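In my numbering, the protein residues as written are 152 to 308.
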């Protein structure tokens with residue numbers, strides 16, 4: 152009876168350790184040629200963001216979906232320039248959002264306050280790492296990019 156309990160606990164433990172972990176594809180159908188990111192600040196106070204640019208080459212048809220970077224995710228934008236193809240991710244870091252908060256001594260009046268949107272991505276990444284999700288033969292796959300180079304910040308008047 153003890154052996155069954157131990158096996159059950161071991162199985163339960165291993166099932167939890169696999170949650171939230173994605174297996175990264177080691178040989179994707181594309182090759183990353185370059186990857187950079189930069190922060191930018193807009194013309195109005197509080198307007199800012201981060202942009203990641205990933206250059207790649209491929210001989211296959213790949214359906215790119217999202218880029219996970221710096222704790223956020225965004226849909227991929229594909230751009231071709233000068234015979235090169237890039238994946239671009241735009242991340243809004245602006246702090247201009249207006250919140251209709253009610254702050255009152257009577258906490259019942261605060262019940263309709265919405266909590267801030269804090270997105271949680273399924274990966275633990277360093278500042279210079281990103282994950283690209285893509286579909287190959289209908290299956291969602293992930294590829295981790297390391298050593299993304301930070302470039303000069305842009306300031307728009």
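Virtual Cβ for every residue (Gly too), placed ideally from N, Cα, C.
Since we're looking at a predicted model, the values are computed, not measured.
Beta bridge counterpart(s) of residue i as assigned by DSSP
i: residue 197; result: DSSP lists no partner for residue 197.
i: residue 192; result: 199, 306
i: residue 229; result: 238
i: residue 291; result: 286
i: residue 223; result: 220
i: residue 274; result: Its beta-bridge partners do not exist; DSSP assigns none.
i: residue 187; result: 204, 300
Chain-order list of residues whose beta-carbon lies under 6 Å from that of residue i (same chain, five-residue window excluded)
i: residue 181; result: 207, 209, 213
i: residue 171; result: Its pLDDT being 47, under 50, residue 171 is placed unreliably by the model, and the measurement read from it follows with that caveat. Once the five neighbours on either side are set aside, the close Cβ partners of residue 171 are 273.
i: residue 204; result: 187, 237, 239
Residue i in three-state terms, based on DSSP
i: residue 258; result: helix
i: residue 246; result: coil
i: residue 299; result: coil
i: residue 280; result: coil
i: residue 208; result: strand
Residue from the options with nearest C-alpha to residue i
i: residue 226; options: 256, 196, 299, 282; result: 282
i: residue 179; options: 302, 303, 257, 287; result: 287
i: residue 240; options: 300, 219, 272, 295; result: 219
i: residue 298; options: 196, 280, 284; result: 280
i: residue 289; options: 224, 205, 215, 177; result: 215
i: residue 271; options: 224, 229, 255; result: 224
i: residue 235; options: 256, 300, 291, 185; result: 185
Residues near residue i in its chain [Cβ-Cβ closer than 7 Å; skip 5 each side]
i: residue 306; result: 192
i: residue 100; result: Any property of residue 100 remains undetermined from this structure, which presents the chain solely from 152 to 308.
i: residue 164; result: The pLDDT assigned to residue 164 is 46, lower than 50, so where the model puts this residue is not dependable, and the model offers no usable value.
Same chain, Cβ closer than 8 Å to residue i, neighbours up to 5 away in sequence not counted
i: residue 308; result: 194
i: residue 302; result: 187, 188, 189
i: residue 304; result: 189, 190, 191, 192
i: residue 244; result: 190, 199, 200, 201
i: residue 260; result: 253
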